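> Residue numbers (the numbering used here), protein chains in the order written: chain A, 22 to 403; chain B, 17 to 358; chain C, 342 to 613.
The beta carbon of each residue, even a glycine, is placed where N, CA and C say it ideally should be.
This structure is a prediction, so every number in the text was calculated from the model and none was measured.
Next up is a structure, given as C-alpha cells.
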Amino acid sequence: MPVAQGARASHNLEAWQDPKARPIVQIENVTKAFGPHYAVDGISLDVYQGEFFSLLGASGCGKTTLLRMLAGLEAPDAGRIIIDGTDSTLIPPYRRPVNMMFQSYALFPHMTVEQNIAFGLKQEGASKAQIKERVGEMLRLVRLEPYAKRRPHQLSGGQRQRVALARSLAKHPRLLLLDEPLGALDKKLREHTQFELVNIQEQLGTTFIMVTHDQEEAMTMSTRIAVMDEGRILQVGSPSTIYEYPATRYVADFIGSVNLFDGRVTGSADGLLFIHCDEVGANMAIAHGEPLTAGTPVSVALRPEKMVVSDVKPDKDANVLRGIVSEIAYLGDVSIYHVELPNKTLVHVQLTNLARLTSSPLTWEQDVWLTWEPENGVVLQS
Amino acid sequence: MMPPPVPTRAPGPEGAVSPTFLGYIWRWLMGISFVARVRGLAMGTVSWGRALVTAVPFLWLFLFFGLPFLVVLKISFSQAVIAQPPYTPLLTWLDDGVMTLRLNFQNYILLAEDSLYWSAYLNSLRIAAIGTVACLVLGYPMAYAIAKAKPEWRVPLLMLIILPFWTSFLIRVYAWIGILKNNGLLNNFLIWLGVIDEPLPMMHTDFSVLVGIVYSYLPFMVLPLYATLSRMDESLLEAAADLGCRPGRAFLTITLPLSMPGVIAGSMLVFIPSVGEFVIPDLLGGPNTLMIGKVLWTEFFANKDWPVASAVAVATLLLLVVPIVRFQKAQEESAKKAEERV
Amino acid sequence: MVRGWRSFVLFSVLAFGYAFLYVPIFSLIVYSFNESRLVTVWAGFSTKWYGALLENDQILSAAWLSLKIAVMNATGAVILGTLAGLVLARFGRFRARTAFTTLITAPLVMPEVITGLSLLMLFVAMQNLIGWPEARGMTTITIAHLTFSMAYVTVVIQSRLSQMDVSIEEAALDLGARPAKVFFVITVPVIAPALVAGWLLAFTLSLDDLVIASFVSGPGASTLPMVVYSSVRLGVSPQINALATIIVCIVTVAIVVAGFIMHRQEKQRLNA
Numbered sequence: 022m023p024v025a026q027g028a029r030a031s032h033n034l035e036a037w038q039d040p041k042a043r044p045i046v047q048i049e050n051v052t053k054a055f056g057p058h059y060a061v062d063g064i065s066l067d068v069y070q071g072e073f074f075s076l077l078g079a080s081g082c083g084k085t086t087l088l089r090m091l092a093g094l095e096a097p098d099a100g101r102i103i104i105d106g107t108d109s110t111l112i113p114p115y116r117r118p119v120n121m122m123f124q125s126y127a128l129f130p131h132m133t134v135e136q137n138i139a140f141g142l143k144q145e146g147a148s149k150a151q152i153k154e155r156v157g158e159m160l161r162l163v164r165l166e167p168y169a170k171r172r173p174h175q176l177s178g179g180q181r182q183r184v185a186l187a188r189s190l191a192k193h194p195r196l197l198l199l200d201e202p203l204g205a206l207d208k209k210l211r212e213h214t215q216f217e218l219v220n221i222q223e224q225l226g227t228t229f230i231m232v233t234h235d236q237e238e239a240m241t242m243s244t245r246i247a248v249m250d251e252g253r254i255l256q257v258g259s260p261s262t263i264y265e266y267p268a269t270r271y272v273a274d275f276i277g278s279v280n281l282f283d284g285r286v287t288g289s290a291d292g293l294l295f296i297h298c299d300e301v302g303a304n305m306a307i308a309h310g311e312p313l314t315a316g317t318p319v320s321v322a323l324r325p326e327k328m329v330v331s332d333v334k335p336d337k338d339a340n341v342l343r344g345i346v347s348e349i350a351y352l353g354d355v356s357i358y359h360v361e362l363p364n365k366t367l368v369h370v371q372l373t374n375l376a377r378l379t380s381s382p383l384t385w386e387q388d389v390w391l392t393w394e395p396e397n398g399v400v401l402q403s
Numbered sequence: 017m018m019p020p021p022v023p024t025r026a027p028g029p030e031g032a033v034s035p036t037f038l039g040y041i042w043r044w045l046m047g048i049s050f051v052a053r054v055r056g057l058a059m060g061t062v063s064w065g066r067a068l069v070t071a072v073p074f075l076w077l078f079l080f081f082g083l084p085f086l087v088v089l090k091i092s093f094s095q096a097v098i099a100q101p102p103y104t105p106l107l108t109w110l111d112d113g114v115m116t117l118r119l120n121f122q123n124y125i126l127l128a129e130d131s132l133y134w135s136a137y138l139n140s141l142r143i144a145a146i147g148t149v150a151c152l153v154l155g156y157p158m159a160y161a162i163a164k165a166k167p168e169w170r171v172p173l174l175m176l177i178i179l180p181f182w183t184s185f186l187i188r189v190y191a192w193i194g195i196l197k198n199n200g201l202l203n204n205f206l207i208w209l210g211v212i213d214e215p216l217p218m219m220h221t222d223f224s225v226l227v228g229i230v231y232s233y234l235p236f237m238v239l240p241l242y243a244t245l246s247r248m249d250e251s252l253l254e255a256a257a258d259l260g261c262r263p264g265r266a267f268l269t270i271t272l273p274l275s276m277p278g279v280i281a282g283s284m285l286v287f288i289p290s291v292g293e294f295v296i297p298d299l300l301g302g303p304n305t306l307m308i309g310k311v312l313w314t315e316f317f318a319n320k321d322w323p324v325a326s327a328v329a330v331a332t333l334l335l336l337v338v339p340i341v342r343f344q345k346a347q348e349e350s351a352k353k354a355e356e357r358v
Numbered sequence: 342m343v344r345g346w347r348s349f350v351l352f353s354v355l356a357f358g359y360a361f362l363y364v365p366i367f368s369l370i371v372y373s374f375n376e377s378r379l380v381t382v383w384a385g386f387s388t389k390w391y392g393a394l395l396e397n398d399q400i401l402s403a404a405w406l407s408l409k410i411a412v413m414n415a416t417g418a419v420i421l422g423t424l425a426g427l428v429l430a431r432f433g434r435f436r437a438r439t440a441f442t443t444l445i446t447a448p449l450v451m452p453e454v455i456t457g458l459s460l461l462m463l464f465v466a467m468q469n470l471i472g473w474p475e476a477r478g479m480t481t482i483t484i485a486h487l488t489f490s491m492a493y494v495t496v497v498i499q500s501r502l503s504q505m506d507v508s509i510e511e512a513a514l515d516l517g518a519r520p521a522k523v524f525f526v527i528t529v530p531v532i533a534p535a536l537v538a539g540w541l542l543a544f545t546l547s548l549d550d551l552v553i554a555s556f557v558s559g560p561g562a563s564t565l566p567m568v569v570y571s572s573v574r575l576g577v578s579p580q581i582n583a584l585a586t587i588i589v590c591i592v593t594v595a596i597v598v599a600g601f602i603m604h605r606q607e608k609q610r611l612n613a
C-alpha cells in the first residue's frame, strides 16, 4: 500500500491540530433517514480552510448523502450544518457558497463548454466582460481552451471531467464538493488526474471535500480522511494515521490489507502490551500507549509488509508465528506469501523483491517463521 | 350536483361543522396530509412552487375526470323525465327545510332484468377477449421479429407500426367496409382466385368487428411488447445456450417469462378500450353485434334516456375496475423499474 | 440470432402484419382516384373527388374547427402534462400520489363512451348550477380533449424525465439557479423532443376523436370526425377517400421528417 507521504504542500497542513483555527465546515450531529434506513446517523465533523478532505467508505455507507446535505440537495432530519460561520442547514443549494462536481459530471448537454462554465456566473448576474474573463481563466486552468465551443458529447471522458471541474470552480466557491470525481475514468487517466486535481487544489487554496470508495485515491490526495460505515464515521485522520493506527477492525481491514488475530491481554510493561492469542497459540508483545487490564479481549492487526519471513527459527519467544508457505504471488516489485499456520489460519506477508526471483530462498511447502517488531503491530479493542 | 348549502346554525360547544359530502371526497383524494401540507407551506418547509405544480394538474383532473364520475353515479339513481336536464333531482327541499333523498334503483333493476344488457356485456367481454388474444398472436411475433432485426432496421419498422396510428382511426375503420362487404375487395379477390363462387358474408358480423379491433389496436400490443423484448439482455439467451438449452426451450423458459410485463401491458391496452368500443361495432358490426359501448350510445343519443345511459356507464366501469387497477399497478411498477435503472 | 425456418416464420408473420396494417390504407388511396362513385369498381383515373372535397363547405369548416381545437388542446395538454409528469417523476412519494396516479392513468384506458358521457353530465350540471358553460361547442370539446390527452402527454414526458440524469438539474441548482429557472433553462431544452412528441400526440388524439366530441359538442359545432362519421354511416363516399389520402400524406411527411430529425439526434448522442 503506497502512501503518498509528503505529496501534500506544507502550508496550514495541520489546521485541525491548531486550537485557534476556525473550521470552514461544521457538521453537528447530522442525521438523515430514508424510510427505516439511516443513511447518515448522527455525524459530527469539522473541516478546515484549505483542506483536501475525503469521505471514504463502501457504497451505501452514507458518504454521498452527507455530501449532498453539504450541497443543500438533501435536508438533514436532525442536526446542523454550519458553512463559513453561517447555519446553512436549511439554505437551498442555489444560495450556498458551495459548489459540487457530480459523479456523472452533469454537464448541460445543450450548452457548449464555454456556456457550461459560464452558467454559475450568469446566475450571479456577473457582467459579460467578467464572465468572459473568468471563463477564459478556467479554460486555461484545465487546459481546454481549444474546446470552448464544443458540446459535451464531443468531448472525451477526461475532458468532460475537466469541464465539470472548471464549471464548479468558476464561482470561487468557499467549498468544493467532489462526488467520486475520478470514478468514471480509466485507471491510467485516473492516476494522472489525481495529481492534477491536487495541484489545482493547492494552487487555488479552496477547501475540497471528496467522496470516494477508492482507498488508494483517498490516501494519495487527501490531507485527512474520514472512514465511514453504515452512516457513521469510524475514524478521522491523516492518511498515515489511518493506515498505521487504524481505530477499528473495519478501518484496518478497509484500508490496505491486514492480518487480524484475536486474543486477550495478559499484562503490560514499558509501553508494551502482552497478548496471548489462543487461536494461533502465540504470545505477542505490541507497543500500545495506555495499559489495559489483563483479560481484556483485543485484536492485533499486522500489515503484510510489516513482518519478516525467515527459514531460520528466530531467537525470540514473543512475536513469532510458525507456518508453511502455501501460495506465492509474484507481483514484480513485491511478492505476497500466504503462510498457513498450524490451525489453518492464512497470514499474508509482503516481501520486496530486492533480488531476482530465482534467487528467492522461500518456496512452496517450506517451513517458515514470521516475526515482527512491537512497534509494527496495532492493538484494536472491539 | 353541488350539495345544498349547510344550514347556518351556531356552532355547538364542540364547534364542529359537519363536512359536506364533497368535503369528504376532497379529503379522501388529497389524503390526510393535505392539512400538513398547508401547514408546511405556511412554515416554509414545503415550497409554494411545488404545491402549485402539483395542484394545477391535480385539480384539473379532479374537476374534469374524477368529479364527472360522481355526477354520472348520481344521475344513474334518478329517473328520466322530459325536461331540461332530462332527469329528476336526487335531493329535494320540502317547504319546512327538510331534505329528502330519493334513490331510484329502477335503472339498475332494468339492467339486471333485461337480457339485452346482459348479452351486450357478455358479448363485449367475449369480443374484447378474442380480439386481445388475436392481437397477441399476431403482435408477439411481430414485436419479436422487430426486436431481433438489425439495429438500423428497427426504427423504420417501428415507425411503420406507429404510422397508421397517427392517421384517422375513423377513416381506417371505414376502409374495412370497402374491403369486407359483399362486393368488396376481399370477396372480389377470392372469387377471382376461384376459391369461392358466392361472396362470403363477412361484413356486419362478429368477424368484421374482430378484424376492426385487431387492426385498430395492434400497435398498442406491439409497442409495449417491443419495449420489453428489446430491453432484454441478449447474453441471457447466450448463457442459456451455453448451459445446453435449445433455442425453442430458451424462448419458452427465458424470453417468454421475461416479456410478461409487456404482454400484460399490451393486453390491457387492447382489452380495456375494446370492451367499451363504439365506432368499430357501429360501422363494421351488424344489428346482432351487441356491444356495451354501442348500447350506451343508443340509450343516450337515440332514446335520450340519460339515467339508463349513466347506469350502463357505471356498470361498465365496475366491470372494468379490476383490469384497470391491474393495468395501473403494472404502469407503476414499470415506472419504478425505469427509475431504478437510471 | 435467428436462423432457418424460424426466421422464415418470423419474416412471414411480419410481412402479413404489415400487409394487414397497410392494405386498407392503400385501398383507400387507390380508390380516391377512381372515376366511379362505387368504391370497389375501378372506372378510370380521376381527381374529381378532390375537387368536390375542396368545395364541400361542411367538411372544410369542420376541419377548420377540428384544427383549432387540436392546436389549443395540444398546447394545453403539453402544459398540464408537463406539470403532471414533473410531479410523478420528480416529487417522489407523497400521500396523495396514489390518487394522483389513478387520475393520470385512468383516462388512458377509460372507454371513450364513458368519458364522453360523464363529461357531458358534468357540463350540464355545471350549467344548471353556475351558468357555465353557457353553450356546448368548441370550449367544451377542448376541455374534454385536454382531459384525456394530457394523460398521454404525461406518460410521454414522465418517461423522458425519469430517463434524464437528475444531477443535471441539481448541478444547475448548485450553480445558483432557482428551481423555476432550472426548469426553463435546463429541463425544458433537455426534454424538448418529448415535448414535441407529446404535442403531436395530443394534436392527433384530438383530431381523431369522434366519441367524446359527439357527447360534449352542442348544436352547430361539428368536428371533422363527426362530419366524416355521419357521411360514412350513409355509405361509402369517395370524398372521404380523398380526405383520407390527404391526411395520410400529411402524416407520412410529418412522421418521416420527425423520424429523420430524431434519428440524427440519436446518432449524435450515441457518437458522444
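(1) How would you call N123/B, buried or exposed, if buried means at least 16 neighbouring beta carbons within 10 angstroms?
(2) Start and end of the alpha helix (DSSP H) containing D258/B?
(3) In terms of alpha-carbon separation, which member of F556/C, I532/C and N414/C lies closest to L542/C?
(4) Look at the alpha carbon of L45/B and the alpha carbon of R438/C, and state the distance between them as a whole number of angstroms.
(5) State the Cα-Cα distance for the pair W540/C and L424/C, rounded to the nearest angstrom.
(6) Who does S356/A pair with in a DSSP beta bridge?
(7) Closer than 7 Å between beta carbons: that is the criterion. Which residues of the stretch 257-280 of chain B meet it against chain C?
(8) Any chance you could list the alpha helix (DSSP H) runs of at least 4 consecutive residues sitting entirely within the stretch 319-357 of chain B, in chain order?
(9) State yes or no: is the beta carbon of G517/C nearer than 8 Å to at least one beta carbon in chain A?
(10) Under DSSP, the beta strand (DSSP E) around I64/A begins and ends at which residues?
(11) Assess contact between the stretch 50-58 of chain A and the stretch 93-100 of chain A, defined as three or more Cβ pairs (one per stretch) separated by less than 8 Å. Is contact present?
(12) Going along the stretch 140-166 of chain B in order, which residues come within less than 7 Å of chain C, judged by CB to CB distance?
(13) Relative to the C-alpha of V225/B, which residue among R170/B, A145/B, E349/B and F317/B is closest?
(14) Could you tell me which whole alpha helix (DSSP H) segments of length 4 or greater appear in the stretch 254-304 of chain B?
(15) What span of residues does the beta strand (DSSP E) with E49/A cover, start to end?
(16) For M175/B, would you say it is in contact with chain C, using Cβ-to-Cβ distances shorter than 8 Å as the test?
(17) Keeping to the same chain, check which residues put their C-beta closer than 7 Å to that of F374/C; ignore five residues upstream and five downstream.
(18) Which residues, taken in chain order from the stretch 456-475 of chain C, show a beta carbon closer than 7 Å to some beta carbon of chain B?
(19) Should E254/B be labelled buried (16 or more other beta-carbon atoms within 10 Å of its own) or exposed?
(20) Looking only at its chain, what residues have a beta carbon closer than 6 Å to the beta carbon of I254/A, apart from the 5 residues adjacent to it on each side?
(21) Start and end of the alpha helix (DSSP H) containing P534/C?
(22) Please report how far the alpha carbon of Y103/B lies from the alpha carbon of A331/B, in whole angstroms.
(23) Measure the Cβ-Cβ separation of E315/B and V328/B and say whether it is below 8 Å.
(24) At a CB-CB cut-off below 8 Å, which residues of chain B make contact with F386/C?
(25) Determine whether the Cβ of L351/C lies closer than 8 Å to any Cβ atom of chain B.
(26) List, in order along the chain, the chain C residues whose C-beta lies closer than 9 Å to that of Q236/A?
(27) Please classify K192/A: is it buried, with 16 or more other beta-carbons within 10 angstroms of its beta-carbon, or exposed?
(28) If the criterion is Cβ atoms closer than 8 Å, does the pair Q256/A and A239/A meet it?
(29) When Cβ atoms are compared, which residues of the stretch 399-426 of chain C fall closer than 8 Å to chain D?
(30) Here's the rule: buried if 16 or more other CB atoms are within 10 angstroms of the residue's CB, otherwise exposed. What is M59/B?
(31) For P530/C, which residues in chain A fall below 7 Å Cβ to Cβ?
(32) Which of the three DSSP states, helix, strand or coil, is assigned to Y266/A?
(33) Exposed or buried, which one is I280/B when buried takes at least 16 other CB atoms within 10 Å?
(34) Can you tell me where the alpha helix (DSSP H) holding P180/B begins and where it ends?
(35) Whose Cβ in chain A lies nearer than 7 Å to the Cβ of I509/C?
(36) When the Cα atoms are used, what is the spatial distance from G517/C to P114/A?
On the basis of the supplied data:
(1) buried
(2) E250 to D258
(3) N414/C
(4) Caution applies to L45/B, whose pLDDT of 44 falls short of 50 and renders its modelled position unreliable; the value that the coordinates give is listed next. Roughly 9 Å separates the two Cα atoms.
(5) 14 Å
(6) Y351/A and L372/A
(7) none
(8) 322-357
(9) yes
(10) H58 to Y69
(11) yes
(12) L154, P157, M158, Y160, A161 and K164
(13) A145/B
(14) 263-266, 276-291 and 295-300
(15) P44 to F55
(16) yes
(17) F386, S387 and T388
(18) L458, S459, L460, M462, L463, V465, A466, N469 and L470
(19) exposed
(20) I64 and A247
(21) A533 to D549
(22) 19 Å
(23) yes
(24) Those do not exist, as F386/C stays about 18 Å from chain B at its closest Cβ, beyond 8 Å.
(25) yes
(26) Chain C residues near Q236/A: none, gap ~25 Å exceeds 9 Å.
(27) buried
(28) no
(29) Considering every chain present, this structure includes no chain D. Its protein chains are A, B and C.
(30) Residue confidence for M59/B is low, a pLDDT of 48 falling below 50, so the modelled location carries little weight; the figure read from the coordinates is stated next. By the neighbour-count rule (16 or more Cβ atoms within 10 Å), M59/B is not buried but exposed.
(31) H131
(32) coil
(33) buried
(34) P167 to W182
(35) A127 and F129
(36) 7 Å
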